[in-house]
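Visitor: Following this message is one structure expressed as structure tokens.
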Amino acid sequence: MTTLQTVFAKAKADNRAALVGYLPAGFPSKDGAISAAAALVEAGCDVIEIGLPYSDPLMDGPTIQDAVHRSLLNGTRIADVLRTVEGVAATGAATLVMTYWNPIDKYGAERFARDLAAAGGVGTITPDLTPEESEPWRAASAAAGIDTVFLVAPSSTEQRIKAVVDCCTGFVYAASLMGVTGARETVNVAAEGLVQRTKAHTDLPVCVGLGVGTGAQAAEVAAYADGVIVGSAFIRRILDAPDEAEGRASISALAKEMAQGVRR
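As structure tokens, this is what we get:
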């Protein structure tokens with residue numbers, strides 16, 4: 096199993112940022128999600144985030160909401176998410192689950208952590224779990240040997256940044272803007288300052304997400320961040336494709352462009 100620590104150490108040795116790709120489980124189909132993620136890995140993604148489809152996505156913009164809705168209509172359940180993780184982890188990429196807290200709470204924190212680890216998952220990103228309420232989940236994750244990733248935002252105070260990074264083990268997720276996910280024409284200028292402020296409080300890698308949609312933007316972010324997170328741009332190409340095969344080809348081409356970007 097490839098760990099996050101291994102991924103970021105290798106990227107640092109190569110003098111580049113890591114490329115992190117996001118796709119929800121069950122989209123465009125249950126098997127299609129695995130093959131799409133595998134295509135991202137083959138094209139150069141170092142880490143894959145598998146989204147756990149949820150009916151009330153708090154930080155997801157319209158593109159991811161559309162994909163998640165289709166996934167739920169496909170009948171995707173947590174068992175399918177874990178099977179997706181298993182399939183993607185088999186490619187050799189470090190594989191995380193990005194999920195809101197309620198599904199974990201309903202499933203059972205210790206059970207989820209154990210089952211995720213058994214599937215080959217290396218950790219979770221929990222955007223709506225606050226540091227003040229995270230201790231039980233962090234304990235369950237540590238017992239299962241998986242990492243925890245939490246988010247900082249441009250609005251985060253120094254005190255808040257420290258509280259968040261103290262809960263992180265794999266990396267810190269720096270949200271580039273105040274808003275929802277989605278590719279944009281430019282990456283928020285606040286992102287670089289947020290990364291610098293975060294790095295003052297931790298030695299963990301800091302990855303930037305929200306708004307990255309092109310290779311040029313990936314190169315821009317890679318100049319100051321340890322990782323570049325891309326989700327909506329990939330999903331948009333799958334949504335626009337006439338079939339799954341065309342969707343895979345399209346996201347593969349974009350991932351190759353992004354992979355070149357993080358190496359500039």
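In short: position in the sequence shown from 1, add 95, done, that's my numbering. The beta-carbon is built from N, C-alpha and C at its ideal position, and this holds for glycine as well.
Quick one: which unbroken alpha helix (DSSP H) runs of 4-plus residues sit fully inside the segment 101 to 162? Chain order, please.
Guide: DSSP runs (the alpha helix (DSSP H)) wholly in the segment 101 to 162: 125 to 138.
Visitor: Could you please give the first and the last residue of the uninterrupted alpha helix (DSSP H) stretch that includes Tyr-195?
Guide: From DSSP, Tyr-195 is part of no alpha helix (DSSP H); its letter is neither H nor E.
Visitor: List the endpoints of the continuous alpha helix (DSSP H) containing Ala-320.
Guide: Here Ala-320 belongs to no alpha helix (DSSP H), and DSSP marks it neither H nor E.
Visitor: Return yes when the Cβ of Leu-118 is within less than 8 Å of the Cβ of Ala-131, no when it is not.
Guide: For Ala-131 and Leu-118, yes; Cβs fall inside 8 Å.
Visitor: Kindly indicate which three-state DSSP category Ile-346 falls into: helix, strand or coil?
Guide: In this structure, Ile-346 counts as helix in the three-state DSSP scheme.
Visitor: Measuring straight from C-alpha to C-alpha, what distance separates Ser-236 and Arg-292?
Guide: Approximately 27 Å, taken between the alpha carbons.
Visitor: Tell me, to the nearest whole angstrom, how far the beta carbon of Ala-112 is from that of Asp-321; I am working on the premise that it is less than 8 Å.
Guide: Confirmed, about 6 Å.
Visitor: Could you compute how far the alpha carbon of Ile-145 sits from the alpha carbon of Phe-207?
Guide: So the alpha carbons of these two residues sit roughly 14 Å apart.
Visitor: For Thr-221, is the classification buried or exposed, using 16 other Cβ atoms within 10 angstroms of its Cβ as the cut-off for buried?
Guide: Classification of Thr-221: buried, given that the 10 Å Cβ count is 16 or more.
Visitor: Name the DSSP beta bridge partners of Val-301, please?
Guide: Paired residues: Val-267.
Visitor: What first and last residue would you give for the beta strand (DSSP E) that runs through Thr-243?
Guide: Element bounds for Thr-243: 242 to 244.
Visitor: By the DSSP assignment, the beta strand (DSSP E) with Gly-288 in it spans what residues?
Guide: Looking at the DSSP string, Gly-288 is not in any beta strand (DSSP E); the run it does join, the alpha helix (DSSP H), is 285 to 294.
Visitor: At what residues does the beta strand (DSSP E) containing Thr-186 begin and finish?
Guide: Here Thr-186 belongs to no beta strand (DSSP E), and DSSP marks it neither H nor E.
Visitor: So, does the segment 208 to 220 touch the segment 176 to 184, judging by three or more C-beta pairs under 8 Å?
Guide: Yes, the segment 208 to 220 touches the segment 176 to 184.
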